[in-house]
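Chemist:
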Amino acid sequence: MPYADISDLPSSVRGHLPVHAQEIYLAAFNNAWGEYANRADREAVAHRVAWAAVKKQYIKAGKEWIRK
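Numbered as in the working numbering, the sequence shown ends at 115 without a single skipped number.
#1: Please classify Arg120: does DSSP put it in a helix, a strand, or coil?
#2: Are there three or more Cβ pairs, one per stretch, closer than 8 angstroms when the segment 55 to 65 is compared with the segment 77 to 90?
#3: At what residues does the alpha helix (DSSP H) containing Ala74 begin and finish?
#4: Indicate the three-state DSSP secondary structure (helix, strand or coil) for Ala108 in the structure shown.
#5: Let me check one thing: in DSSP terms, what residues is Arg86 bridge-paired to?
The structure is reproduced here in structure tokens:
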């Protein structure tokens, strides 16, 4: 289930990441969703890929995510 907009992202993402990081998450998730279409664990893999993409540009400092 790819996401159409950042408002469709899970609350665990929307409630913790800045808007730009949410955009990264959305794009990475949707791309991975298509790339891993043949896997049974497609959704879990897409979420892991999306978090990895966010972590390339953001770091968690305390409770906040800040750009590197």
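Every residue, glycine too, gets a C-beta built ideally from N, C-alpha and C.
Modeler: From the atom records:
#1: The structure shown does not extend to residue 120, since the chain is modelled only from 48 through 115, so no value can be given for it.
#2: no
#3: Counting from one through the sequence shown, the residue named residue 74 turns up at place 27. That run of the alpha helix (DSSP H) goes 66 to 82.
#4: Against the sequence shown, residue 108 aligns to sequence position 61. Strand, per DSSP.
#5: Locating residue 86 in the sequence shown gives position 39, where the first residue counts as 1. Paired residue(s): none; Arg86 is not in a bridge.
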